[in-house]
Structures are given as C-alpha cells and as structure tokens.
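Have a look at the structure below, then the notes.
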Amino acid sequence: MNTWTTYQFKSLISSINEAFQSKDINEASIIQLLSMYESNETDWEMFAKFDDQNYTRNLVDEGNGKYNLMILAWKPGQGSCIHDHAKAKCFVKVLSGTLQEIRYDIPKKGRTFSKIGQYTRERDDVGFIDDSIGVHEMKNDGSEPAVSLHLYTPPFNTCNTFDAETGVATPCEMSYWSIFGKVLPEEESKVSKEAPNEFIKLSCS
C-alpha cells in the first residue's frame, strides 16, 4: 500500500471529513485512510496530553456529528477497563509506542469472560472493533509512553464497562481531558475515583 510520507495530520482530518460526506463510506475506506497516514509526532503532539494517574481522552474533531476523532495518551502501566462501544464502530491507529489489545466475547449473565484474541498494536498499526466482534481492553504494558488515534462512528458518550471477574456490565459516562488541544478545567475532566485507570467520568453539568 502506498503511504503519504509527507501527509500531515491536519490533511488526514480533512480527508476523513470528506470521506464521511460520501454515501459510499465504509469500514474499508476508513481503514485505508488511517493506514495511509505515516505517523509524525510533530503533526499531533499538541493533542497528546498525558496524566500521571490515568490515560487521557483528547478530542481532535467532532466530525459534524457523524463521528468523533480523538487521541488517547497512555503512560506506562495505564490501561482501560473492559468495555463495549455502544453499537458504534471503533477504528484505532497507534501513533507512537506499543499497546496491548485483549478481546473478549460479551459474557452471558452469570458467566465470566472468554478471551477471543490478544494483539500487540505497534506504531502505524490500524485495528477495528465493534460490538458484533466483542468487547475489549487496551493497555500500555511497555516502558515508554504510547499515543493512539481513535475514530468512533456514530459518536457516543456512554458505554458499558464490565467487571473482569463477574462479567457484570455498568453504564459509564465519558468526558475529555482536552478539547482541540486545550486541557479542560479539573471539574470538567474528573477521573473516576471509583474506577482508577478506567474511563474518565462525565461531570454532572
């Protein structure tokens, strides 16, 4: 596959936006767009905001209500809980570092999880998941920070997280650590005290 070695991040954002204007948009076309971008830290570093306690979700583009594009920043040892995607399609591209993705079948009531796959996602790798495939967790098991680009369509702000032992689902609301490169005030980007290293909870306002 050809790559755009001089293709800048802002051009990727524009190309994704243009693609979503077409009736022919599909999973393959989004994966191709993400794959053609060769990661360059200077393109996206303004969006990669790290936190010492938890990984962060940083909004890059709202996609005219059709999708959300965001950058997640992971320090070593940080990871998500097991979660679904609220019937949305999720595309992930690693921009730097390495992430582990573990996938599970959605458990039936009273049963524990069954692992269906584990993947090492490295720089410029692109992945896809939706609820028909299963649920997953992602984590940075490495010694270096990692940054990943996520596209969710349609956008959502509530999903289910799952107890790893019991499989019990809990609705979880999410917010952002930063929006368009600007870190939000603490009261708007609180990390859940009940669920460290999981999703950032949405404020009540």
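Numbering of the sequence shown is given in UniProt numbering, commencing with residue 1 and proceeding in unit increments.
We put the CB at the ideal spot given by N, CA and C, even for glycine.
Keep in mind that this is a model prediction, so the values were computed, not measured.
- The beta-carbon distance between E137 and I102, rounded to whole angstroms, is 5 Å. This is short enough to meet the 8 Å contact definition.
- Note on the region 36–108: whole alpha helix (DSSP H) runs with a minimum of 4 residues are 41–44, in chain order.
- If you look at S14, you'll find it in the alpha helix (DSSP H) that goes 9–19.
- By the neighbour-count criterion, in which a residue is buried when 16 or more other Cβ atoms sit within 10 angstroms of its Cβ, I116 is exposed.
- Among the bridge pairs identified by DSSP, G117 is matched with R103.
- The three-state secondary structure of E144, taken from DSSP, is coil.
- For S178, DSSP records a beta bridge to N58, V183.
- When the alpha-carbon of P171 is set against those of I179, N160, L59, E62, the nearest one is in N160.
- If you draw a straight line from the Cα of I16 to the Cα of T153, it is about 12 Å long.
- Counted as a single uninterrupted DSSP element, the beta strand (DSSP E) harbouring N160 occupies residues 158–162.
- If you draw a straight line from the Cα of D125 to the Cα of Q118, it comes to about 14 Å.
- For E137, the uninterrupted beta strand (DSSP E) run begins and ends at 135–139, by DSSP.
- Take the alpha-carbon of Q53 and the one of S114: they are about 29 Å apart.
- Burial state of S96 is buried, judged by a 10 Å Cβ sphere holding 16 or more other Cβ atoms.
- By the Cβ rule, the region 58–68 counts as touching the region 14–32, because three or more pairs are nearer than 8 Å.
- In this structure V147 touches A48 by the C-beta definition: roughly 5 Å separates them, less than 8 Å.
- Annotation: V60 to K93 spans about 14 Å, alpha carbon to alpha carbon.
- Following the DSSP letters along the chain, one finds I129 inside the beta strand (DSSP E) bounded by residues 126–129.
- Excluding sequence positions up to five before and after R111, its CB lies within less than 8 Å of the CB of G167, all in the same chain and listed in chain order.
- In the three-state reduction of the DSSP assignment, E27 falls in the helix class.
- The Cβ atoms of K139 and S80 lie closer than 8 Å to each other.
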